[in-house]
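In what follows, a single structure is set out as structure tokens and then discussed.
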Amino acid sequence: MNRLAIPKTYKLYIGGKFPRSESGRVYEVLSHQGDFLANAAKGSRKDTRDAVVAARSALSGWAGATAYNRGQVLYRIAELLEGRRAQFVDEIESCEGVNAAVAGTQVDEAIDRWVWYAGWADKYVQVAGNANPVSGPFFNLSVPEPTGVVAIIAPQGSESLLGLVSAIAPALVAGNTVVVVANELAPLSAISLGEVLATSDVPGGVVNIVTGSPTEIAPWLASHADVNALDLVGAGALDWVELQISAADTLKRVLPPETGADAAAPALSRILAFTELKTVWHTKAIL
Amino acid sequence: MTHSPLATYQPEQRALALIGGEATDANLRRYLHGIPGIDAVGLEARAADLGTRSIKTSSKRWAIDTIIGLIDLTTLEGADTPGKVRSLVAKALVPDPGDPGCPRVAAVCVYGDMVGAAVTALGSTHAAGGTDGTGVQGVRVAAVATAFPSGRASIAIKLADVRDAVAAGADEIDMVIDRGAFLAGRFGQVYDEIVAVKEACRRADGSFAHLKVILETGELNTYDNVRRASWLAILAGGDFIKTSTGKVAPAATLPVTLSMLEVVRDWHRLTGVRIGVKPAGGIRTSKDAIKYLVTVAETVGEEWLTPHLFRFGASSLLNDVLLQRQKMTTGHYSGPDYVTID
Chain A
146 MNRLAIPKTY
156 KLYIGGKFPR
166 SESGRVYEVL
176 SHQGDFLANA
186 AKGSRKDTRD
196 AVVAARSALS
206 GWAGATAYNR
216 GQVLYRIAEL
226 LEGRRAQFVD
236 EIESCEGVNA
246 AVAGTQVDEA
256 IDRWVWYAGW
266 ADKYVQVAGN
276 ANPVSGPFFN
286 LSVPEPTGVV
296 AIIAPQGSES
306 LLGLVSAIAP
316 ALVAGNTVVV
326 VANELAPLSA
336 ISLGEVLATS
346 DVPGGVVNIV
356 TGSPTEIAPW
366 LASHADVNAL
376 DLVGAGALDW
386 VELQISAADT
396 LKRVLPPETG
406 ADAAAPALSR
416 ILAFTELKTV
426 WHTKAIL
Chain B
33 MTHSPLATYQ
43 PEQRALALIG
53 GEATDANLRR
63 YLHGIPGIDA
73 VGLEARAADL
83 GTRSIKTSSK
93 RWAIDTIIGL
103 IDLTTLEGAD
113 TPGKVRSLVA
123 KALVPDPGDP
133 GCPRVAAVCV
143 YGDMVGAAVT
153 ALGSTHAAGG
163 TDGTGVQGVR
173 VAAVATAFPS
183 GRASIAIKLA
193 DVRDAVAAGA
203 DEIDMVIDRG
213 AFLAGRFGQV
223 YDEIVAVKEA
233 CRRADGSFAH
243 LKVILETGEL
253 NTYDNVRRAS
263 WLAILAGGDF
273 IKTSTGKVAP
283 AATLPVTLSM
293 LEVVRDWHRL
303 TGVRIGVKPA
313 GGIRTSKDAI
323 KYLVTVAETV
333 GEEWLTPHLF
343 RFGASSLLND
353 VLLQRQKMTT
363 GHYSGPDYVT
373 ID
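In structure tokens form, the structure reads like this:
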């Protein structure tokens with residue numbers, strides 16, 4: 146029996162909700178062979194602005210959660226990804242034109258990466274922080290704290306799920322909130338990840354996913370005064386030097402584009418890239 | 033348009049002529065209940081429709097500066113101190129220190145005991161409706177009075193509250209009506225109180241402080257009551273009708289403000305006198321505020337968009353408007369780090 150095809154029109158993921166683009170625009174997501182897969186929302190600068198507002202208001206709650214709690218929440222995402230494994234494999238197969246085995250490997254690797262980063266949540270402070278020796282009767286402690294709202298241009302090449310996870314997970318570990326511009330040609334993994342996040346324990350607004358054109362959206366994020374850091378990992382094809390200059394106007398932390406097979410490889414340095422070291426002096430009791 | 037003979041009457045005579053006798057409960061009830069009722073669905077649909085207008089670029093720029101010039105920058109907290117009022121005044125005078133071209137707000141609105149602090153802090157920039165020494169529009173001082181926000185005190189205390197604030201230099205008095213009396217149908221009492229408060233607004237030199245009458249629409253329950261309270265306040269001599277204290281939810285909403293503007297429009301047609309409207313509380317974004325501007329312009333006309341006839345009672349609205357203004361000036365989005373925390 147022939148069944149009626151159901152062409153999906155996906156929406157954005159902002160502030161824990163799934164709004165349509167304010168602009169009302171959508172674009173077609175095509176398979177590797179050029180067949181129609183779905184419609185995705187084409188986010189505008191105003192959607193990005195809304196996403197930044199959502200990320201800002203979610204920041205105090207997420208950064209203020211205990212490190213142990215953040216680790217648990219992130220680990221729970223890995224669990225949910227595992228449960229939706231078949232869907233991700235399917236989407237990666239059709240979007241990227243790879244076979245099931247390759248897609249499966251990518252999903253497994255993405256899940257492993259979540260778990261790896263989740264484990265760091267209550268450990269990175271011990272590694273990066275320090276009790277500094279000073280010549281006086283003082284405790285001198287350095288502690289990393291989250292930078293704030295991090296805007297990310299997700300990797301735009303193959304391995305859409307792994308690239309996205311590699312970019313957002315390290316920023317979340319430290320307690321930052323994230324606005325991420327998804328892979329433009331293969332956004333299905335990002336959209337499905339948004340659905341996973343919405344049903345997980347991650348508070349609304351901690352991760353905001355905007356689909357659409359990075360070329361159009363990135364300059365607004367780079368110049369936005371309420372964004373504290375900019376991860377250009379997937380901005381290799383954009384005029385990213387201009388984006389860096391624009392980001393410097395409001396003193397953002399910036400990570401440069403990365404390409405190749407080991408782009409955004411898991412590393413403690415990716416977590417620490419979006420932290421600020423706070424040093425406090427405190428008198429020692431002298432008895 | 034020609035006005036009826038009412039336009040030539042003195043205000044008190046006019047009210048009595050309209051009511052058709054003394055301002056007793058019975059006469060007022062007959063008059064106020066004779067006013068046509070409100071089509072609530074139609075009113076809300078009209079307000080929602082007015083909220084869909086798209087205001088772009090140069091119009092938006094104008095709207096944003098107009099909004100700033102119409103704001104009663106307000107602090108009404110139990111924790112207010114003279115220091116907080118001073119910083120409020122500083123913000124009222126220079127809303128955006130990064131842009132000297134940013135207009136001043138219309139007034140600061142404080143509790144009666146803070147009027148002295150506000151007047152001192154304003155100094156030469158304090159101007160009762162006029163301009164200061166440099167020819168720039170001065171900032172006025174508004175005081176809430178009559179046992180704000182509940183209004184539950186004896187009339188003697190309410191009037192003393194008003195006289196205190198006026199003596200301390202308040203240019204405008206925001207009084208609350210006795211909602212309990214209004215809802216119980218004791219219109220005469222509400223009327224007499226407004227008249228008495230108006231009299232208490234008289235300064236030593238015989239001039240009057242501007243009287244804003246707060247209806248507290250959130251407690252009036254129906255649009256019909258809002259319309260009746262608006263008529264009552266205007267009949268009794270209020271210069272402004274104000275939606276809310278900001279202490280009761282829901283505070284100002286667009287339909288409520290629209291219904292009050294309609295009363296003001298009808299009063300102007302009837303008598304030729306212009307009454308002001310002040311929505312207060314719950315207006316936090318420039319987008320909301322622009323909807324109110326549209327509603328005013330479409331209902332009573334653009335000539336109402338002056339500080340003498342329209343105000344926003346707000347505290348957090350100003351910051352959002354400033355962020356929009358910075359966005360329009362610099363071309364990129366601004367953030368809360370670039371406006372003052374208050």
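Line order of the protein sequences matches chains A and B. Positions 146 to 432 (this note's numbering) are the ones given, in order, by the first sequence. Positions 33 to 374 (this note's numbering) are the ones given, in order, by the second sequence. We put the CB at the ideal spot given by N, CA and C, even for glycine.
- Counting only runs of at least 3 residues, the segment 184-267 of chain B fully encloses the following beta strand (DSSP E) elements, listed from N- to C-terminal order: 204-208, 242-246.
- Distances from the CA of G110(B) to each of D145(B), L125(B), E248(B) were compared; the closest alpha carbon is that of D145(B).
- Residues of chain B with a Cβ closer than 7 angstroms to the Cβ of W207(A) do not exist; the shortest Cβ-Cβ separation is about 17 angstroms.
- Your pair T344(A) and L204(A) does not check out as a contact, with CB atoms roughly 22 angstroms apart and the cut at 8 angstroms.
- Residue range 139-143 is occupied by the beta strand (DSSP E) that includes C141(B).
- With contact defined as three or more Cβ pairs closer than 8 angstroms, the segment 147-162 of chain A and the segment 180-195 of chain A are in contact.
- The beta carbon of A382(A) is closer than 7 angstroms to those of Q301 in its chain, skipping five residues each way along the sequence.
- Nearest neighbour of F419(A) by Cα position, chosen from A408(A), V399(A), E403(A), K429(A), turns out to be V399(A).
- In this chain, the alpha helix (DSSP H) harbouring R46(B) covers 43-51.
- Between G367(B) and D394(A), the gap from beta carbon to beta carbon reaches 7 angstroms or more.
- No Cβ of chain A is located within less than 7 angstroms of the beta carbon of G115(B).
- When the alpha-carbon of R93(B) is set against those of E334(B), L341(B), I322(B), V140(B), the nearest one is in I322(B).
- A distance below 7 angstroms separates the beta carbons of A284(B) and P311(B).
- I416(A) and W365(A) have their C-alpha atoms some 24 angstroms from each other.
- Residue pairing for D376(A): DSSP places it in a beta bridge opposite I297(A), L400(A).
- By the rule that beta-carbons nearer than 7 angstroms mark a contact, G367(B) touches chain A.
- Inter-residue distance for D298(B) and A47(B) is about 14 angstroms (C-alpha atoms, whole angstroms).
- Close partners of W365(A) in chain B (Cβ separation under 9 angstroms): H364, Y365.
- If you ignore the 5 residues before and after P289(A), its C-beta comes within less than 8 angstroms of the C-beta of Y269, V270, A273, G274, A319, L417, T420, E421, L422, K423, all in its own chain and listed in chain order.
- If you ignore the 5 residues before and after A77(B), its C-beta comes within less than 6 angstroms of no other C-beta in its own chain.
- By the rule that beta-carbons nearer than 7 angstroms mark a contact, S368(A) touches chain B.
- Around the C-beta of Q358(B), 16 or more other C-beta atoms lie within 10 Å, and the residue is accordingly described as buried.
- Between the segment 208-223 of chain B and the segment 319-333 of chain B there are fewer than three C-beta pairs closer than 8 angstroms, too few to call the two in contact.
- Against chain A, the CB of Y370(B) has a partner CB under 7 angstroms away; the residue lies at that interface.
- In the displayed model, G209(A) falls within a helix according to three-state DSSP.
- At a cut-off of 7 angstroms between C-beta atoms, R194(A) counts as an interface residue with respect to chain B.
- Remark: C-beta atoms of A327(A) and I354(A) approach each other more closely than 7 angstroms.
- Take S337(A), set aside five residues on each side of it, and the residues of its chain with a beta-carbon closer than 8 angstroms to its own are R229, Q232, F233, E236, in chain order.
- For I373(B), no alpha helix (DSSP H) segment is defined, and its DSSP state is neither H nor E.
- At least one beta carbon of chain B lies nearer than 7 angstroms to the beta carbon of D371(A).
- Contact between T107(B) and S347(B) is confirmed by a C-beta separation of about 6 angstroms, below the 8 angstroms threshold.
- Distances from the CA of V425(A) to each of A363(A), P278(A), A183(A) were compared; the closest alpha carbon is that of P278(A).
- Cβ-Cβ separation between L354(B) and D128(B): approximately 5 angstroms, consistent with a contact (criterion under 8 angstroms).
- Excluding its 5 nearest sequence neighbours in each direction, S239(B) has no C-beta neighbour in its own chain below 6 angstroms.
- Of the candidates Y262(A), T250(A), G209(A), the residue whose Cα lies closest to the Cα of G293(A) is G209(A).
- In this structure, V309(B) lies away from A241(B), with their beta-carbon atoms at least 7 angstroms apart.
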